[in-house]
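Just below is one structure, and these are the notes that go with it.
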Amino acid sequence: MLRDYLPPVLNKELFGDRAKYGQKPMENDTDWKKWQSVYTSAYFSTQKSSSIQRFINNAGYKVLNGFAMADKVVADLGPGNGYSIDYFDGKPKSYVAVDVCEEFFPIVAEKCEKASIDFSALKVRADHPVIELPPESLDCFVSFYSLEHIHPLKAWLDEIFSKVKPGGYLIGAIPAEGGVGWALGRMMTSKGILKRRYGLDIRKIVCWEHPNMCDEILANLSSYGRFSKLTTWPARRFPYDLSLIIRFAVQKN
């Protein structure tokens, strides 16, 4: 990808000073503590506050088109307000919300209740890749805009796929993190919002908030099964550097 050929000073502006800050948050860092306290507000300010932001964000969920969810056992990593449920083709037998934050669980529970979907919630720790579900108990794991956050990536993916039945799926979308197009978009939007409203430098926060690059995520996913879907957005087959979102479905070996 283009970042491999850019000068370090430009890479720091686009993707953060990863050599300095690494992938794992400094838990006692003042900026990190502040980011944790404003995360929910910042998320909606940068992802859902305008029609354009919602349009871009919602585009990822369309990968669910064509996947029958009727009577399936489904888990959702990082469900937020349960946006994926709106795109399900059919009513799952059960739905498990898996997140590091309990804040959204009541919202997702209410949505499932209205849709007559059996709901349960499972809180996990970001630094402890353990999901308390029986092995190979899921027909499908969905994850939208979460895989870029998890660390260590391989350990979390091992845990996720251990819960999926052979022939089952991990379906989701990720931002084209690590691509120049996504980084330029962030500089024109999120960077200014975080600085003006919260006094935060995104070049620092992004190292910990998005430790995983899109190409690294996809390379890891390929080791667990085959891609039955792999498309970019806004165009289906753009280079990652020119894309904003990458949508995928991996069928487990």
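Everything in the sequence shown is counted per numbering that gives the first Met the number 0, starting at 0 for the first residue and increasing by one.
The beta carbon of each residue, even a glycine, is placed where N, CA and C say it ideally should be.
{"Query": "Assumed close pair S145, L241 - CB separation to whole angstroms, cut-off 8 angstroms", "Result": "Actually they do not touch by this definition, with Cβ atoms about 23 angstroms apart."}
{"Query": "Beta-carbon contacts of N57 that lie in its chain and below 8 angstroms, excluding the five residues immediately before and after", "Result": "Y82"}
{"Query": "CA-to-CA distance, F66 to C100, given in whole angstroms", "Result": "28 angstroms"}
{"Query": "K71 and D138 closer than 8 angstroms at C-beta", "Result": "yes"}
{"Query": "Test item: CB-CB of A69 and G89 under 8 angstroms", "Result": "yes"}
{"Query": "Counted within 10 angstroms of its Cβ, other Cβ atoms place I204 as buried (16 or more) or exposed", "Result": "buried"}
{"Query": "Contacts around A154, its chain only, beta-carbon distance under 7 angstroms, and the 5 residues preceding and following it disregarded", "Result": "P128"}
{"Query": "At least three beta-carbon pairs within less than 8 angstroms, the stretch 17 to 35 to the stretch 194 to 213", "Result": "yes"}
{"Query": "F226: first and last residue of the uninterrupted beta strand (DSSP E) it sits in", "Result": "224 to 232"}
{"Query": "N219 versus T188 - alpha carbon distance", "Result": "29 angstroms"}
{"Query": "Beta-carbon proximity of V123 to F140, cut-off 8 angstroms", "Result": "no"}
{"Query": "Inter-residue CB distance, F143 and G59 (contact presumed, cutoff 8 angstroms)", "Result": "5 angstroms"}
{"Query": "Sequence-distant residues of its chain with Cβ nearer than 7 angstroms to N10 (five each side left out)", "Result": "R2"}
{"Query": "Cβ neighbour criterion (16 or more within 10 Å) applied to P7", "Result": "exposed"}
{"Query": "C-beta atoms of E26 and R202 nearer than 8 angstroms", "Result": "no"}
{"Query": "Identity of the residue in A114, A175, S40 nearest F103 by Cα", "Result": "S40"}
{"Query": "Supposed contact pair A96 and A125 - C-beta distance, whole angstroms, cut 8 angstroms", "Result": "At roughly 16 angstroms, the Cβ-Cβ gap does not stay under 8 angstroms, so A125 and A96 are not in contact."}
{"Query": "V99 in three-state terms, based on DSSP", "Result": "coil"}
{"Query": "8 angstroms Cβ cutoff met for P134 and K251", "Result": "no"}
{"Query": "Cβ of M25 within 8 angstroms of any chain D Cβ", "Result": "You won't find chain D in this structure, because it holds only one protein chain."}
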